[in-house]
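Undergrad: Structure below; questions to follow.
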Amino acid sequence: MTKIIDKQQLADQAANLFRMKGYTATSIDDIAKACGITKGSIYHHFSSKEDVALAALELVHDYYREHIFSIINSRTSPTSADLKAFNQAVERFFLQHRHGCLLANLSLEVGATYEPFKEKIRHYFDDWTSCYVRVFSTFHAPKKARALAEDAVAIVQGCILMSRIRGNLESLQRQHAQLLQYCEAMEAH
Numbered sequence: 001m002t003k004i005i006d007k008q009q010l011a012d013q014a015a016n017l018f019r020m021k022g023y024t025a026t027s028i029d030d031i032a033k034a035c036g037i038t039k040g041s042i043y044h045h046f047s048s049k050e051d052v053a054l055a056a057l058e059l060v061h062d063y064y065r066e067h068i069f070s071i072i073n074s075r076t077s078p079t080s081a082d083l084k085a086f087n088q089a090v091e092r093f094f095l096q097h098r099h100g101c102l103l104a105n106l107s108l109e110v111g112a113t114y115e116p117f118k119e120k121i122r123h124y125f126d127d128w129t130s131c132y133v134r135v136f137s138t139f140h141a142p143k144k145a146r147a148l149a150e151d152a153v154a155i156v157q158g159c160i161l162m163s164r165i166r167g168n169l170e171s172l173q174r175q176h177a178q179l180l181q182y183c184e185a186m187e188a189h
């Protein structure tokens with residue numbers, strides 16, 4: 001008997017497979033088996049694997065908007081305490097998703113210009129960058145805050161990649177500690 005699974009559960013399971021195996025190596029059959037459903041059940045919700053991936057990307061982005069980006073975005077003037085909470089939320093997410101960042105993995109696998117995914121990936125990283133811009137804008141002019149934010153996202157994503165390779169979050173935790181120390185030092189001035 002086939003399980004009843006909703007669209008969000010299906011996208012979540014697909015996100016896990018895409019992180020673990022990659023987009024190209026994950027088939028609709030793999031997703032169906034992981035969900036305990038038939039391939040036809042997937043096509044009831046989605047017209048293609050690409051549509052499943054788009055839903056998975058949106059699911060991850062929605063989670064970040066609600067549970068992580070909101071930590072910074074809900075503050076008028078984010079402080080180092082807000083950055084600490086943000087960092088901890090990111091670390092909790094990657095403790096639960098040890099195969100890395102779906103959007104970064106997908107970007108590396110299919111290319112950042114792959115039209116079907118390009119905008120979703122760009123918006124996700126723009127939102128992440130905007131969080132850091134808001135934090136750094138407390139201490140710096142807009143141009144410098146943006147440069148620091150773009151560098152921070154790049155370094156943090158590199159640390160997330162290394163956590164996937166090494167099987168631990170140590171480099172991500174060190175980078176988060178450095179970002180926090182920087183903000184605390186700026187607040188002290």
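Just so we're aligned: the sequence shown equals residues 1 to 189 in full-length UniProt numbering. Where a beta carbon is used, it is the ideal one built from N, C-alpha and C, also for glycine.
Note the first and the last residue of the continuous alpha helix (DSSP H) segment covering Arg166.
TA: Where Arg166 is concerned, the enclosing alpha helix (DSSP H) stretches over 142-166.
Undergrad: Near Arg19, which residues of its chain fall below 7 Å by C-beta distance, leaving aside the five closest residues on each side in sequence?
TA: Cβ within range, chain order: His97, His99, Gly100, Leu102, Asn105.
Undergrad: Taking buried to mean at least 16 other C-beta atoms within 10 Å of its own C-beta, is Leu172 buried or exposed?
TA: Classification for Leu172: buried.
Undergrad: Is the stretch 175-183 touching the stretch 74-83 in the sense that three or more CB pairs, one from each, lie closer than 8 Å?
TA: Yes, the stretch 74-83 touches the stretch 175-183.
Undergrad: Could you check what DSSP says for Ser77 in three-state terms: helix, strand or coil?
TA: Ser77: coil per DSSP, three-state reduction.
Undergrad: When the Cα atoms are used, what is the spatial distance from Leu161 to Asp151?
TA: Cα-Cα distance, rounded: 15 Å.
Undergrad: Under a three-way DSSP split, which group does Phe139 fall into?
TA: Of the three classes helix, strand and coil, the one that applies to Phe139 here is coil, per DSSP.
Undergrad: Would you call the stretch 133-153 and the stretch 38-48 touching, i.e. three or more CB-CB distances under 8 Å?
TA: The stretch 133-153, when compared against the stretch 38-48, does not touch it at the 8 Å Cβ threshold.
Undergrad: Are there 16 or more other CB atoms within 10 angstroms of the CB of Leu148, so buried, or fewer, so exposed?
TA: Looking at its Cβ environment, which holds 16 or more other Cβ atoms inside 10 Å, Leu148 is buried.
Undergrad: I'd like to know whether the C-beta of Ala185 is nearer than 7 Å to at least one C-beta of chain D.
TA: Included in the structure is just one protein chain, with no chain D present.
Undergrad: Report the residue from Asn73, Gln9, Glu115 whose alpha carbon sits nearest the alpha carbon of His45.
TA: Cα-wise, what sits closest to His45 is Gln9.
Undergrad: Taking Asp6 as part of the alpha helix (DSSP H), name the residues at either end of that continuous run.
TA: Looking at the DSSP string, Asp6 is not in any alpha helix (DSSP H), and its letter there is neither H nor E.
Undergrad: Report the residue from Thr129, Ile165, Pro142 whose alpha carbon sits nearest the alpha carbon of Tyr64.
TA: It is Thr129 whose Cα lies nearest to the Cα of Tyr64.
Undergrad: Mark His189 as exposed unless 16 or more other C-beta atoms lie within 10 angstroms of its C-beta, in which case mark it buried.
TA: It counts as exposed.
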